[in-house]
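Everything on this sheet refers to the single structure shown next.
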Amino acid sequence: MGQKVVLFSDLSGKIVEDGELVKVVVTQHPALLDGPVEIEAAPAELAAIEDKGIDVVSFEVHAPGEASRTMVMPLAEFDRLATDDPMDVVLKAAKKSYAKPARAKATGEPKINYGSLEHAGKPHRGKVNDAEKQIIRDHFDQVNERLAAEDLRVIDLGDAEIVARYGLEELAAERSGAVKPVEVAAAVDETVNEE
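Written as structure tokens, this is what we have:
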């Protein structure tokens, strides 16, 4: 006996005859309480929105004494907030903002945020996220000094696997002619031992 799978749109509830659905991930909506959700729709149902999309900016407001608020507004309106210099100039000159550590689910202990300067580059089994890669690129020497001080392996630009893991190809190419700190330390040790 055969089975037939019937596909239907989450938007309209109608059966989709051609068997092709479009996945829509809703990332922000006032009704979302637990993060993004996926819905499916017929391609024809989404054709009408192609020209309706607007450029928006998502940002957080952290006012003293108040809970932080996430805001979304049209790009043009946000850009008009900058009156001294154009918004793109203001944003390029702004300091980087890094995520704060999240709380671990089960133990109540702080979850290690490898996307922070304090923990970036520490060996871990998880995927290296973009924030961790950026911190390591921006503060490479500082991260390696901290790792060495904590008796952890340093990030070796001569190790292709580590270079790929942390996205350090450009930095490795820039420094390929430079003497590595490990080589300098070994040379100093040899000189001291000869005396």
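First residue of the sequence shown: 1127, per the working numbering; consecutive thereafter. Where is the CB? At the ideal position from N, CA and C, for every residue including glycine.
| Check | Outcome |
| --- | --- |
| Using CA coordinates, which residue listed in I1165, L1159, M1199 is at the minimum distance from I1180? | M1199 |
| Between which two residues does the beta strand (DSSP E) carrying F1185 extend? | 1182–1187 |
| Less than 8 Å between the beta carbons of L1158 and V1183, yes or no? | no |
| Here's the rule I'm using: 16 or more other beta-carbon atoms within 10 Å means buried, otherwise exposed. How should G1161 be labelled? | exposed |
| By the 10 Å Cβ neighbour count, where 16 or more other Cβ atoms means buried, how is N1270 classified, buried or exposed? | buried |
| From the DSSP output, in three-state form, read off I1325 for me. | Since the first residue of the chain shown is 1127 and the last is 1321, residue 1325 is not available in this structure. |
| So, helix, strand or coil for V1215, using DSSP? | helix |
| I need the boundaries of the alpha helix (DSSP H) containing P1169, first residue and last residue. | 1169–1173 |
| Can you look up E1258 in the DSSP assignment and give me helix, strand or coil? | helix |
| Cα-Cα, which of A1257, R1251, E1176 is closest to L1243? | A1257 |
| Does G1247 pass the burial test, meaning 16 or more other C-beta atoms within 10 Å, or should it be called exposed? | buried |
| Below 8 Å on the Cβ atoms is my guess for I1165 versus V1152; work out the distance and round it to an integer in Å. | 7 Å |
| At the level of alpha carbons, what is the spacing between A1220 and K1259? | 19 Å |
| Among E1295, H1155, V1150, whose alpha-carbon lies nearest the alpha-carbon of I1175? | V1150 |
| Do the CB positions of L1172 and V1148 come within less than 8 Å of each other? | yes |
| Going straight from the alpha carbon of R1263 to that of L1297, what length do you get? | 7 Å |
| Between the alpha carbons of K1222 and R1206, how many angstroms are there, rounded? | 22 Å |
| Tell me where the alpha helix (DSSP H) around V1269 begins and ends. | 1266–1275 |
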